[in-house]
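This report concerns only the one structure given below.
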Amino acid sequence: MRREDLLERVELGLPVEGVSFVEADFNGVLLDGAILIGCDFSGARFHEAQLKQCQFVQCRFERADFSGAEFDTVQWPRTGLIASSFTRAVLLNCQFAETDATEADFTGAKLVSTSFARVDLSRSCFAGAELTTVAMIECALASIDLSDATIRGLTLVKGDLRTAILDHADIDTMFAMEADISDRDLRNVRLSRINLMRARLAGSNLAGVDLSQSLFLEADLSRADLSGAKLPMALMIGVDLTAAKLVGADLTGANFSEAKLAGADLSDARLSNALFERADCAAARFERALLDHAQFPYARLDGASFIAARFHRTNLHAISAEGTLFQHATGSTLPTDPQRAVADLYDPARVAALA
460 MRREDLLERV
470 ELGLPVEGVS
480 FVEADFNGVL
490 LDGAILIGCD
500 FSGARFHEAQ
510 LKQCQFVQCR
520 FERADFSGAE
530 FDTVQWPRTG
540 LIASSFTRAV
550 LLNCQFAETD
560 ATEADFTGAK
570 LVSTSFARVD
580 LSRSCFAGAE
590 LTTVAMIECA
600 LASIDLSDAT
610 IRGLTLVKGD
620 LRTAILDHAD
630 IDTMFAMEAD
640 ISDRDLRNVR
650 LSRINLMRAR
660 LAGSNLAGVD
670 LSQSLFLEAD
680 LSRADLSGAK
690 LPMALMIGVD
700 LTAAKLVGAD
710 LTGANFSEAK
720 LAGADLSDAR
730 LSNALFERAD
740 CAAARFERAL
750 LDHAQFPYAR
760 LDGASFIAAR
770 FHRTNLHAIS
780 AEGTLFQHAT
790 GSTLPTDPQR
800 AVADLYDPAR
810 VAALA
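If you read the sequence shown in my numbering, its first letter stands for residue 460, the second for the next number, and so on.
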C-alpha cells in the first residue's frame, strides 16, 4: 500500500490491517484518527510528523524514526518499538502498554501525561528529556538512561533502578511504590518531594541530598548513608533504618513512629520536635544530637548513646532504657506520665486488638 492510499483510508475512517510499510517515508505526514492493526513500519521515517488520536495495535516499529514528531493521544498496545527513535519528539497524553521498547531513544523528548504500562524500556535513553506527569507501571528498566532528565511528577510502580543511569537527573515530585534503588550513589541526583512507599534503598548513598517534604513509608533504608541530608518534616513511619548513617542530618519534625533504628548513627543530627513513638532505637547513637521537644513514647532505647545530647522538654515517656548512656547530656526531659501510661494500657482499641 502506498502512502497516499493509507492517508485516504484514514481520512475515510477505515482501519488498516496487516500491511507492510517497511522503510517507508512518512516524513511530515499528518495522521488524525488512524487505526492501524498488525502493520509493519520497521525502519519507516516519520520526521516532523504529526499524529493525533491514533491507535497502533500490535504493529512493528523497529528502528522507526520519529525524530521531531508530535504525538497527541496516541496509543501503542502490544507494539514493537525496539531501537526506535523519538529524539526531540513531543508526546502528549500517549499510552504505551505491553510494548517492547528496548533501546528506544527519547533523547531530548518532551513527554506530558504519558504512561508506560508493562513496557520493556531496558537500555532505552531519556537523556535530557522532559517528563511531566509520567507513569511507569511494572516496566523493565535495566540500564535505562535518565541522565540530565527533568522530571516533574513521576509515578513508578515496581521499577528496578539499580542499573539505571541517573547522573544529574532533576526529579521533583515522584511516587515510587515498591521500587528498587538499592546500593546506589544518588548524591548527584536532585530529589525533591519524593514518596518512596515500601521502596528498597538499602545501602544507598544519599549523603547531603535535599529530601525536603519527602515520605519514606515502610521503605528499606538499612545501611543507607543519609549523613548531612535535609529531611525536615519527613515521614519515616515504619522505615527500616537499621545501621543507617544520619550523622548531622536535618531531621527537624521528622516522624519515625515504629521505625527500626537499631545501630543507626544520628550523632550531631537536628531532631527538634521529631517523633520516635514505639521506634526500635536499640544501640543507636544520638551523641551531641539536638533533641528539643523530641518525643520517644514507648521507644526502645536499650544500649543507645545520648552522650552530650542536648535536651529541652524531651519526652521519654515509658521508654525502655536498659544500658542507655546519658553522660554529659544537657537540658530537660519529661519522664513517664503515670496517668498516660494507664490510659494507654487500657485504651479500648488496644484491648480489642489484643483480644
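For every residue, glycine included, the Cβ atom is placed at its ideal position computed from N, Cα and C.
Neighbour-count burial assignment, residue i, 16 or more Cβ in a 10 Å radius
i	result
residue 477	exposed
residue 816	Since the first residue of the chain shown is 460 and the last is 814, residue 816 is not available in this structure.
residue 714	buried
residue 460	exposed
residue 709	buried
residue 470	exposed
residue 554	buried
residue 781	exposed
residue 647	exposed
residue 479	exposed
residue 776	buried
residue 684	buried
residue 524	buried
residue 759	buried
residue 791	exposed
residue 691	buried
residue 472	exposed
residue 789	exposed
residue 558	buried
residue 729	buried
residue 682	buried
residue 795	exposed
residue 464	exposed
residue 804	exposed
residue 799	exposed
residue 491	exposed
Integer Cβ distance of residue i from residue j, believed to fall under 8 Å
i	j	result
residue 745	residue 725	5 Å
residue 539	residue 565	Between residue 565 and residue 539 the Cβ distance is about 16 Å, and since that is not below 8 Å, they are no contact.
residue 556	residue 576	5 Å
residue 621	residue 641	6 Å
residue 431	residue 475	Shown here, the chain extends from 460 to 814; a query on residue 431 therefore has no answer.
residue 600	residue 571	No, residue 600 and residue 571 are not in contact; Cβ-Cβ is about 20 Å, not under 8 Å.
residue 630	residue 649	6 Å
residue 702	residue 675	About 16 Å separates the two Cβ atoms, so there is no contact after all.
residue 635	residue 610	Their Cβ separation, rounded to whole angstroms, is 11 Å, which puts residue 635 and residue 610 out of contact at 8 Å.
residue 485	residue 504	6 Å
residue 686	residue 670	Their Cβ separation, rounded to whole angstroms, is 13 Å, which puts residue 686 and residue 670 out of contact at 8 Å.
residue 748	residue 773	Not confirmed; about 10 Å, so no contact.
residue 722	residue 743	7 Å
residue 618	residue 633	10 Å between Cβ atoms; not a contact.
residue 590	residue 608	6 Å
residue 548	residue 583	Incorrect: roughly 13 Å between the Cβ atoms, too far for contact.
residue 493	residue 513	4 Å
residue 668	residue 638	No, residue 668 and residue 638 are not in contact; Cβ-Cβ is about 16 Å, not under 8 Å.
Boundaries (first-last residue) of the beta strand (DSSP E) holding residue i
i	result
residue 903	Shown here, the chain extends from 460 to 814; a query on residue 903 therefore has no answer.
residue 612	609-616
residue 634	629-636
residue 516	514-516
residue 549	549-551
residue 510	509-511
residue 571	569-571
residue 794	Unbroken run through residue 794: none, as it is neither H nor E.
residue 536	534-536
residue 531	529-531
residue 495	494-496
residue 771	769-771
residue 525	That residue, residue 525, is in no beta strand (DSSP E); it is neither H nor E in DSSP.
residue 593	589-596
residue 556	554-556
residue 785	Run containing residue 785: none; DSSP gives neither H nor E here.
residue 723	From DSSP, residue 723 is part of no beta strand (DSSP E); its letter is neither H nor E.
residue 565	First-last for residue 565: undefined, no H or E at that position.
residue 574	574-576
At which residue ranges does the region 461-492 contain complete beta strand (DSSP E) runs of 3 or more residues, listed in the order of the chain? 489-491
At which residue ranges does the region 732-761 contain complete beta strand (DSSP E) runs of 3 or more residues, listed in the order of the chain? 749-751
Ignoring anything shorter than 4 residues or poking outside the region 632-719, list the alpha helix (DSSP H) runs there in chain order. none
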